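Novice: Numbered by our numbering, the letters in the sequence shown go through residues 1 to 232 in order. Even for Gly, the Cβ is constructed at its ideal location relative to N, Cα and C. As the structure is a prediction and not an experimental result, all values here were calculated from the model. Before I ask anything, let me first share the structure, which is written out below as structure tokens.
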Amino acid sequence: MNDEARAVAERYARRDAAGDAARYSLFDAAALQAQQERLRATVALWRAHGWRDLQGRRLLELGCGAGGNLLDLLRLGAEAPLLSGIELLPERCAAARAVLPSALRLIEGDALLAEVQAHSQDAVLAFTVFSSLLDDAVQQRLAEAMWRWVRPGGGVLWYDFCVDNPRNADVRGVPLARVRALFPKARCELRRVTLAPPIARAALRLYAGLPALVNVLAPLRTHRLCWLVKTN
């Protein structure tokens, strides 16, 4: 495990100790709204790319955590034997293994050491991964690995903070210019998504439908969903 990977493990341990995991439970109304919005945007991007389903497509998630996004891919019609997940933290990998089909491949450890064949994936997903990597060189190496794994005609599906979180020094927003620099050969299709969670929670306390109304204001959305296409 490299130094940055160890640092990431320590950052996640601090978040878990602070009880931050409860904020991402789908019983949290703001988290549920964000997940549903992200799924709709993902399907829209893939349909615009010409995909009508996920049958026969090889998909890999980098930093798959406890498996929530992989479960979403299964619900969208992906086939378990063609799905893979890479997770650095053993306890999260174990949690994913407990809920995912045995046919789905899980790789525990540093993604930079993972044995993934070049040009083998139709899509590689990275959700809130790069905002947790504070070492620019590691970001670059990881982006190069992901791009190598993707076959021509596929792409990288990126979802991450585009602004800094003033309450969390362990993450930093990733500007669009940085995304483009990490994947300079990609054709980028993007959506600005996810109402700032503190605003979403405050709005929900006032009125259940208010977050959807507030979310039409793009400056209040804190994340960017990008479909980074490998054209050749």
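If distances are taken between C-alpha atoms only, which option among Glu189, Cys64, Thr222, Arg187 comes closest to glycine 109?
Specialist: As a first step, residue 109 is located in the sequence shown; it is residue number 109 there, counting from the start. The candidate whose alpha carbon is nearest that of glycine 109 is Cys64.
Novice: I'd like to check one pair, phenylalanine 127 with tyrosine 159: are the Cβ atoms closer than 7 Å?
Specialist: The residue you call residue 159 lines up with position 159 of the sequence shown. The residue you call residue 127 lines up with position 127 of the sequence shown. Contact flag set, yes.
Novice: I need the straight-line Cα distance from alanine 111 to leucine 104, nearest angstrom please.
Specialist: The count along the sequence shown starts at 1 and reaches residue 111 at position 111. The count along the sequence shown starts at 1 and reaches residue 104 at position 104. Spanning the two alpha carbons is a distance of roughly 17 Å.
Novice: Could you check whether the stretch 88–97 touches the stretch 115–126, counting it as contact only if at least three pairs of C-beta atoms, one from each stretch, sit closer than 8 Å?
Specialist: No, they do not touch.
Novice: Are the stretch 52–60 and the stretch 160–168 in contact at 8 Å, needing three or more beta carbon pairs?
Specialist: Judged by Cβ distances under 8 Å, the stretch 52–60 makes no contact with the stretch 160–168, as fewer than three pairs qualify.
Novice: Starting from the C-beta of asparagine 69, find all residues in its chain whose C-beta is less than 8 Å away, skip the five residues before and the five after it, and write them out in chain order.
Specialist: Your numbering for residue 69 matches position 69 in the sequence shown. Answer for asparagine 69: Glu61, Leu125, Phe127, listed in chain order.
Novice: Is the separation between the beta-carbon of leucine 225 and that of alanine 41 shorter than 7 Å?
Specialist: Within the sequence shown, the letter at position 225 stands for residue 225. Within the sequence shown, the letter at position 41 stands for residue 41. Taking 7 Å as the Cβ cut-off, leucine 225 and alanine 41 qualify as a contacting pair.
Novice: Would you kindly report the start and end of the unbroken alpha helix (DSSP H) that includes glycine 68?
Specialist: Along the sequence shown, one-based indexing puts residue 68 at 68. 68–75 is the span of the alpha helix (DSSP H), which, as asked, contains glycine 68.
Novice: From arginine 92 to leucine 71, what does the alpha carbon distance come to, in whole angstroms?
Specialist: Here residue 92 refers to the residue found at position 92 of the sequence shown. Here residue 71 refers to the residue found at position 71 of the sequence shown. Going from the Cα of arginine 92 to the Cα of leucine 71 covers about 14 Å.
Novice: Got a sec, what are the start and stop residues for the beta strand (DSSP E) proline 152 sits in?
Specialist: Start at 1 with the first residue of the sequence shown, and residue 152 comes out as number 152. Note, proline 152: beta strand (DSSP E), 150–161.
Novice: Within 10 angstroms of the Cβ of glutamine 245, are there 16 or more other Cβ atoms? Answer buried if so, exposed if not.
Specialist: Residue 245 is absent from the model: the chain starts at 1 and stops at 232.
Novice: Can you name the start and end residues of the alpha helix (DSSP H) that tryptophan 46 belongs to?
Specialist: Numbered from its first residue, the sequence shown carries residue 46 at position 46. That run of the alpha helix (DSSP H) goes 29–48.
Novice: For glutamate 144, count the other beta carbons within 10 Å of its own beta carbon; 16 or more makes it buried, fewer makes it exposed. Which is it?
Specialist: Position 144 of the sequence shown, counting from 1, holds the residue named residue 144. Per the 10 Å Cβ criterion, exposed.
Novice: Can you list, in chain order, the residues of its chain whose CB lies under 7 Å from that of alanine 9, leaving out five sequence neighbours each side?
Specialist: The residue given as residue 9 occupies position 9 in the sequence shown. Only Leu88, Leu89 meet the Cβ criterion.
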